[in-house]
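Using UniProt numbering, you'd call the opening residue of the sequence shown number 1 and step up by one each time. We put the beta carbon where it would ideally sit given N, CA and C, even for glycine. Every value quoted in this text rests on a predicted model; they were computed, and no experiment measured them. Here the structure comes first, spelled out in structure tokens, and everything after it is commentary.
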Amino acid sequence: MTLKKVVGYTRVSTKEQGEHGYSIDAQREMIKNYCEKHGYELVKIYEDKGISGKSTKGRLALQNLLVDSKKGLFDVVLVWKINRLARKQLDLLKIINELDIVNVSFRSCTENFETETPSGKLNLQMIGAISEFERNTIVDNVKMGMKARARNGEWNGGIVLGYDTVKVEGLNSKDSKSVLEINPEEAMIVKKVFELYASGKGLKAITNELNHKGYKTKKGNPFNVNGVRDILHNPMYIGKIRYNVREDWAEKRRKGINPDPIIVEGKHDAIISKELWDKVRRIYKSKSGRAKRRYDGSFPLTGILRCPVCGAGMVAHRTTKKKKDGTKYVLRYYTCGNFKNKGSAVCRSNGIRADYAEEYVFNRLSEVISKDDVLKDIVSTLNDKRKNEIKPLEAELRYTEKRIEEFSSKREKYFKLFEDDIIDSDALNKRMKILQDELEEYSKRKEEVLEKLAENDSQEIPFQFVKDVLSDFHSLLDKAPHDQKKMLLQLILSKITITDRKQIDTMELQFDEKIIKYFLGKEPPSDEGGSSFNNKHKSLQLFMVRFVPIYPKSPINLLQ
């Protein structure tokens with residue numbers, strides 16, 4: 001009878017890592033014991049560490065498990081509890097359905113169900129539904145408790161510039177709570193921000209001054225414009241508690257603004273006076289009432305162009321100038337994002353003319369796509385580079401396999417010494433323990449190297465495949481309006497680097513499965529191995545193109 005091949009899946013969130021019952025090691029041990037008890041062959045354990053189960057997004061080990069399930073590598077997925085796989089019923093059923101399609105079963109070490117029969121699936125759904133209900137009840141109770149604390153003027157935790165959170169012990173552990181105490185050095189920074197704004201300085205000027213003087217945020221980072229704005233809007237600094245400003249952050253992010261947040265008198269001391277707060281509010285309101293300037297056009301290279309000094313993404317900037325006849329006109333620039341948000345203490349403007357940069361990038365992309373010899377050279381160089389990257393991995397694989405063979409040979413020698421009464425059982429066990437630890441370490445390393453080799457296959461990237469995708473991309477780019485141009489460029493361009501002489505240096509192009517389907521609407525061409533290539537490389541940063549100036553004698557300067 002063939003043993004069932006089982007893989008385990010473990011997950012622990014950041015909060016759960018310190019709890020023994022939830023730890024990765026505890027889950028691994030439970031899975032191993034279950035397999036031994038039921039006579040299963042444990043093939044591998046997939047681990048997601050420090051990741052919440054609220055969503056399946058960002059859980060790399062889970063995604064790898066689902067990919068491997070389609071390869072027929074195992075028969076059963078085993079977890080400690082259902083909530084390790086998914087907390088939401090909808091996510092759980094989606095995963096189970098994916099496994100069901102490829103005839104892979106799902107089991108839990110601690111919950112009684114199976115997924116091969118309708119009644120078993122019903123039992124699983126009931127367990128999952130009850131688990132989700134219990135979790136939602138706990139979440140609601142916690143939220144109610146936090147709202148009650150806020151209405152009572154108590155701080156609900158978190159870090160805020162100007163205050164330190166101090167734990168006050170009660171009669172027992174349940175009575176202990178956190179209170180806010182003023183941090184004198186940070187409070188001085190907060191006062192300075194309010195006083196500078198009240199004196200007429202803008203957000204950018206205040207940010208610049210703070211960073212030039214070496215002040216840091218609570219997390220030790222330079223200040224940025226948004227951070228300064230948040231300070232000016234935080235009523236904590238006049239002794240109030242504000243809570244529930246945003247609702248359902250995980251789903252809605254910054255769009256989930258609560259029109260009626262809790263704002264009450266707090267139990268902490270104020271840092272600034274009510275008079276200064278009111279003055280700042282009046283100034284801010286007068287500025288926010290001004291009509292916003294509107295411009296046509298877009299900046300399709302924002303975030304793709306990188307600052308030549310600090311490497312930050314470059315952002316949009318406009319400046320108004322006058323002609324000799326007095327008429328005004330607007331010039332578009334890309335400037336360093338760090339400079340715009342954090343000021344000259346962090347970086348310089350490093351502005352480049354937007355129209356020159358965009359024309360240059362579009363022309364060079366067109367040149368690469370339209371000239372087969374140029375594109376062939378690029379793809380050939382990339383294929384050579386990929387082969388060279390694999391050589392060290394192959395050498396490491398040979399070394400680890402050799403070491404594993406040596407350990408097996410040593411094990412036989414130790415057993416022979418024991419049989420010949422040269423060493424006793426204690427000495428044998430001690431040496432075997434050392435050997436086993438080293439063997440596990442090298443076996444794990446071998447597995448890691450094999451995974452890297454699978455990802456970095458030396459199979460050549462087909463030229464026709466690259467040309468087809470880029471040709472479709474270029475055709476769409478020519479016809480697209482401004483907003484779609486930006487989307488298309490950001491889909492296929494990873495980044496564009498600039499030299500300190502304001503010239504385009506490199507453009508990094510990237511492909512993944514989504515991009516291929518978007519541009520081709522089908523699998524890549526089967527000739528030259530395209531289809532098999534794509535099946536092995538679902539996500540691939542394809543190549544980096546380095547550009548020499550078009551006119552070597554007079555290179556284009558993107559600044560003027």
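Query raised in the report: Is the segment 419-435 touching the segment 361-381 in the sense that three or more CB pairs, one from each, lie closer than 8 Å?
Result: no
Report task. State the CB to CB distance for the pair D48 and R59, rounded to an integer number of angstroms; the pair is presumed to be in contact (CB under 8 Å). Result -> 5 Å
**Report entry** Beta-bridge partners of I241, as assigned by DSSP
**Finding:** V264
Query raised in the report: Closest to W80 by CA distance: which of K192, K279, A187, C109 is it?
Result: C109
Query raised in the report: Quick one: what's got a C-beta closer than 7 Å to G153's C-beta in the same chain, skipping five residues either side?
Result: I241, V264, E265, G266, K267
Report task. Using three-state DSSP, classify F543 as helix, strand or coil. Result -> Since pLDDT at F543 reaches only 47, below the 50 mark, its modelled position is unreliable, and the value read off the structure follows with that caveat. DSSP places F543 in strand when its eight states are reduced to three.
Report task. Only counting runs of 3 or more residues, tell me where the beta strand (DSSP E) segments fall wholly within the segment 420-472, in order along the chain. Result -> none
Query raised in the report: Nearest-angstrom Cα distance between S408 and K446?
Result: 15 Å
Query raised in the report: What's the C-alpha gap between I238 and A312?
Result: 36 Å
Requested in this report: List the endpoints of the continuous alpha helix (DSSP H) containing F194.
Outcome: 184-198
Query raised in the report: Is it buried or exposed for V329, if we count other Cβ within 10 angstroms and need 16 for buried?
Result: Inspection of the sequence shows that residue 329 is occupied by Tyr rather than by Val. Y329 is exposed by the Cβ-count criterion.
Query - Nearest-angstrom Cα separation, counted from V104 out to L73 - result: 10 Å
Query raised in the report: Using a Cβ-Cβ cut-off of 7 Å (strictly less than) and excluding sequence neighbours within five positions of K279, which residues of its own chain qualify?
Result: A198
Report task. Just the C-alpha distance for S475 and D355, rounded to the nearest angstrom, thanks. Result -> 20 Å
Query raised in the report: What separation, rounded to the nearest whole angstrom, lies between the Cα atoms of Y215 and A345?
Result: 11 Å
Query raised in the report: Is it buried or exposed for D91, if we count other Cβ within 10 angstroms and need 16 for buried?
Result: buried
Requested in this report: Drop a sphere of 10 angstroms on the beta-carbon of V6, count the other beta-carbons inside from all chains shown, and report buried for 16 or more, exposed for fewer.
Outcome: buried
**Report entry** Proximity below 9 Å, CB of G162 to CB of I182
**Finding:** yes
Query - Cβ pair count under 8 Å reaching 3, the segment 203-211 against the segment 221-236 - result: yes
Report task. Just confirm the distance between the C-beta atoms of K340 and V315, as a whole number of angstroms; I'd bet it's less than 8 Å. Result -> 5 Å
Query raised in the report: Where does I272 land, buried or exposed, given buried means 16+ other C-beta within 10 angstroms?
Result: buried
Query raised in the report: Is the beta carbon of R431 less than 9 Å from the beta carbon of Y414?
Result: yes
Requested in this report: Report buried or exposed for I159, applying the criterion of at least 16 other Cβ atoms within 10 angstroms of its Cβ.
Outcome: exposed
Query raised in the report: How close, in whole Å, do the beta carbons of Y334 and F299 come, if the pair is a contact with beta carbons under 8 Å?
Result: 7 Å
Query raised in the report: Near I231, what residues of its chain come up, given a Cβ to Cβ distance below 7 Å and the 5 sequence neighbours on each side ignored?
Result: L161, V190, V193
Query raised in the report: CB I200 to CB I82, shorter than 9 Å?
Result: Just to set this straight, residue 200 is Gly in the shown sequence, not Ile. Contact flag unset, no.
**Report entry** DSSP state of residue 561 mapped onto helix, strand, coil
**Finding:** Outside the displayed span of the chain (1 to 560) sits residue 561, for which this structure offers no information.
Query raised in the report: Straight-line CA distance for L450 to L488?
Result: 35 Å
Report task. With T335 as the anchor, note down where its beta strand (DSSP E) starts and where it stops. Result -> 328-336
Query - Close Cβ partners of L3 (< 6 Å) along its chain, the five nearest in sequence each way excluded - result: E41
**Report entry** Inter-residue spacing [alpha-carbon to alpha-carbon] between G297 and H482
**Finding:** Low confidence applies here, because G297 scores a pLDDT of 49, under 50, leaving its location unreliable; read the following figure in that light. Looking at the two C-alpha atoms, the distance is approximately 6 Å.
Report task. Can you give me the Cβ contacts of L203 inside the same chain, cut-off strictly under 7 Å, excluding the 5 residues immediately before and after it? Result -> V225, V228, R229
Requested in this report: Take the Cβ of Y308 as the centre, count every other Cβ of all protein chains shown within 10 Å, and call the residue buried at 16 or more, exposed below.
Outcome: It is Pro, not Tyr, that sits at residue 308 in the sequence shown. Buried, by the Cβ-count rule.
Report task. For D48, write down the residues that DSSP places opposite it in a beta bridge. Result -> R11
Report task. Any chance you could list the beta strand (DSSP E) runs of at least 3 consecutive residues sitting entirely within the segment 66-114, in chain order? Result -> 76-79, 105-108
Requested in this report: Return helix, strand or coil for T499, following the three-state DSSP convention.
Outcome: coil
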